[in-house]
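Shown next, in structure tokens, is the structure this report addresses.
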């Protein structure tokens with residue numbers, strides 16, 4: 001069950017108190033933004049955190065804002081203040097290890113303002129993008145108007161950031177991809193050359209190519225059809241490297257996660273696969289597919305593991321009864337360990353009337369040849385989501401992207417990997433209703449020395465909002481917002 005922050009657009013004044021190792025408290029907070037805090041990482045390890053907030057009211061038109069940087073123990077390292085319009089809204093933020101980008105929506109100018117800061121707190125670059133009237137109207141109809149907190153900004157390690165924007169072109173809903181460099185003042189934009197109803201989501205990057213899953217509407221109103229494509233764009237230039245349909249092989253794939261290999265532009269693509277006759281991808285998938293591809297879009301090798309045969313053989317007998325209730329599979333992450341094995345982190349979701357239910361967690365273990373070794377379902381309470389009318393008409397693959405990037409409806413929190421790739425932890429939340437405890441829990445699935453284990457932290461709190469981040473080895477960082485006390489607390493908690 002997700003707890004979400006509530007954005008309150010009133011004046012706030014922040015003061016600091018109780019600064020100590022492993023804990024930080026910011027008081028008198030009247031405005032909180034969901035995407036204003038995040039970890040700073042290097043070689044897969046957390047080296048610190050950043051948070052952004054409004055720190056004072058200057059006059060009727062302007063506010064003071066503060067960027068605060070902390071080390072991995074939550075000790076304050078540096079504060080940076082600046083004055084800007086009261087009508088700028090922080091939409092989201094991301095860190096590429098050496099820089100932090102904050103994406104604002106400026107309601108006065110009806111534009112996005114993306115500001116890049118170094119981890120020393122100094123502003124490096126600023127990038128702007130206007131929003132036209134038709135796109136504004138479309139986003140409001142989709143219940144995601146500009147200024148809504150979103151999840152469409154992604155870091156490219158030590159190179160910059162990718163932002164995916166929804167937009168209207170010739171009265172047709174489509175998308176635009178922007179890259180913002182963090183090493184020099186450089187950006188590019190990519191818009192599909194053939195305009196048809198489409199949506200794009202970021203999958204990951206190889207050394208030189210950014211990869212996207214593109215869903216296009218095809219067919220006719222009486223016989224609609226959904227096409228899925230894999231789009232590759234060169235990071236340096238923004239030019240298209242390739243675009244291939246996902247039904248070009250034996251089955252139709254819905255790519256959701258990518259692993260890249262250092263020193264090569266080859267990458268491993270993973271997702272659910274369907275029968276080619278399943279035109280709208282609205283039914284249950286046949287299993288999990290993996291493609292090894294190069295930067296030209298060529299499939300070098302493929303492997304398919306069926307729910308009914310390969311995966312069913314390794315599921316615990318008591319878990320097989322939950323497979324039908326699990327629903328559609330969303331792939332959050334694909335992890336490669338030091339022994340060459342792979343782990344897929346998945347979560348289930350399915351339709352229930354006009355709502356969408358988010359179900360259990362699923363961990364799939366593959367060997368170096370992509371043969372399924374183990375499959376385990378981690379039970380949790382289902383939570384339901386109301387869907388906008390436009391999303392209700394989408395196929396389940398597209399609806400999963402909305403749950404992930406538009407509604408923050410999944411319980412998955414993060415994957416934390418040690419720099420040797422010999423161990424990892426997957427974090428997710430749940431809302432428990434047991435005799436001994438009723439409330440939010442943080443759950444960790446950990447892999448170490450070839451063994452899987454679990455841990456749980458009870459998070460019963462009076463806070464109105466909560467987020468959980470990766471921490472230094474053996475820890476997670478918990479952020480809580482107390483609306484009544486107007487206080488933001490951060491602390492580190494140990495996990496096994």
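Residue numbers (UniProt numbering): 1 to 496.
No residue lacks a Cβ here, since even glycine has one placed at the ideal position from N, Cα and C.
Neighbourhood of residue i by C-beta distance below 6 Å, restricted to the same chain and skipping five residues each side
i: residue 364; result: 344, 375
i: residue 135; result: 167, 168
i: residue 492; result: 22, 471, 475, 477
i: residue 9; result: In this prediction, residue 9 scores a pLDDT of 31, lower than 50, which makes its location untrustworthy; no coordinate-derived value is stated.
i: residue 292; result: 268, 300, 301
i: residue 228; result: 215, 246, 254
Residue range of the alpha helix (DSSP H) that includes residue i
i: residue 135; result: 133-141
Span of the beta strand (DSSP E) around residue i
i: residue 160; result: 160-169
i: residue 384; result: 383-386
i: residue 284; result: Run containing residue 284: none; DSSP gives neither H nor E here.
i: residue 372; result: 372-378
i: residue 254; result: 252-260
i: residue 217; result: 209-219
i: residue 71; result: 62-71
i: residue 482; result: 475-482
i: residue 444; result: 438-448
i: residue 83; result: 76-85
i: residue 39; result: 37-42
i: residue 492; result: 487-494
i: residue 201; result: 198-205
i: residue 101; result: 99-106
i: residue 173; result: 172-181
i: residue 119; result: Neither: residue 119 is in no beta strand (DSSP E) and is coded neither H nor E.
i: residue 91; result: 88-95
i: residue 298; result: Note, residue 298: premise wrong, no beta strand (DSSP E); not H, not E.
i: residue 46; result: 45-57
Beta-carbon contacts of residue i that lie in its chain and below 8 Å, excluding the five residues immediately before and after
i: residue 197; result: 172, 173, 174, 216, 217
i: residue 497; result: Within the shown structure, residues of the chain are numbered from 1 to 496, placing residue 497 beyond reach of any answer.
i: residue 355; result: 384, 385, 386, 387
i: residue 297; result: 230, 232, 241, 242, 243, 244
i: residue 62; result: 83, 84, 85, 86
i: residue 1; result: Because residue 1 sits at a pLDDT of 46, beneath the cut-off of 50, its placement in the model cannot be relied upon, and the point is left open.
Proximity below 9 Å, CB of residue i to CB of residue j
i: residue 362; j: residue 269; result: no
i: residue 515; j: residue 116; result: No information on residue 515 is available, as it lies outside the stretch 1 to 496 that the chain covers here.
i: residue 465; j: residue 494; result: no
i: residue 244; j: residue 210; result: no
i: residue 497; j: residue 153; result: With the chain running from 1 to 496 in the structure shown, residue 497 is simply not present.
i: residue 348; j: residue 359; result: yes
i: residue 213; j: residue 254; result: yes
i: residue 505; j: residue 256; result: Missing from the structure shown is residue 505; the chain here goes from 1 to 496 and no further.
i: residue 205; j: residue 156; result: yes
i: residue 110; j: residue 71; result: no
i: residue 334; j: residue 259; result: yes
Sequence-distant residues of its chain with Cβ nearer than 7 Å to residue i (five each side left out)
i: residue 419; result: 43, 44, 45
i: residue 368; result: 340, 341
i: residue 414; result: 427, 469, 470
i: residue 186; result: none
i: residue 192; result: 174, 198
i: residue 294; result: 265, 266, 300
Backbone CA spacing between residue i and residue j [nearest angstrom]
i: residue 250; j: residue 276; result: 8 Å
i: residue 274; j: residue 129; result: 38 Å
i: residue 378; j: residue 66; result: 40 Å
i: residue 305; j: residue 272; result: 10 Å
i: residue 430; j: residue 366; result: 26 Å
i: residue 80; j: residue 223; result: 56 Å
i: residue 442; j: residue 456; result: 6 Å
i: residue 479; j: residue 453; result: 25 Å
i: residue 460; j: residue 437; result: 9 Å
i: residue 483; j: residue 29; result: 8 Å
i: residue 485; j: residue 23; result: 17 Å
i: residue 489; j: residue 41; result: 21 Å
i: residue 199; j: residue 226; result: 11 Å
i: residue 51; j: residue 424; result: 25 Å
i: residue 496; j: residue 90; result: 35 Å
i: residue 508; j: residue 124; result: Since the first residue of the chain shown is 1 and the last is 496, residue 508 is not available in this structure.
i: residue 311; j: residue 190; result: 39 Å
i: residue 353; j: residue 472; result: 42 Å
i: residue 517; j: residue 162; result: Beyond the ends of the chain as shown, which are 1 and 496, falls residue 517; an answer cannot be given.
i: residue 7; j: residue 31; result: Since pLDDT at residue 7 reaches only 34, below the 50 mark, its modelled position is unreliable, and the value read off the structure follows with that caveat. Computed Cα separation, rounded: 6 Å.
i: residue 246; j: residue 467; result: 35 Å
i: residue 248; j: residue 263; result: 27 Å
heavy atom of the ligand FAD below 8 Å from residue i C-beta
i: residue 135; result: No copy of the ligand FAD appears in this structure; indeed no ligand is present at all.
Residue-chain proximity (residue i, chain C), Cβ-Cβ < 9 Å
i: residue 372; result: Annotation note: the requested chain C is absent from the structure, which comprises a single protein chain.
> Could you give the uninterrupted runs of the beta strand (DSSP E) lying entirely in the stretch 305-354, keeping only those of 3 residues or more?
Replying inline: 328-336, 342-352
>> In chain order, what are the residue ranges of uninterrupted beta strand (DSSP E) at least 3 long that sit wholly in the stretch 399-442?
In response: 412-417, 423-433
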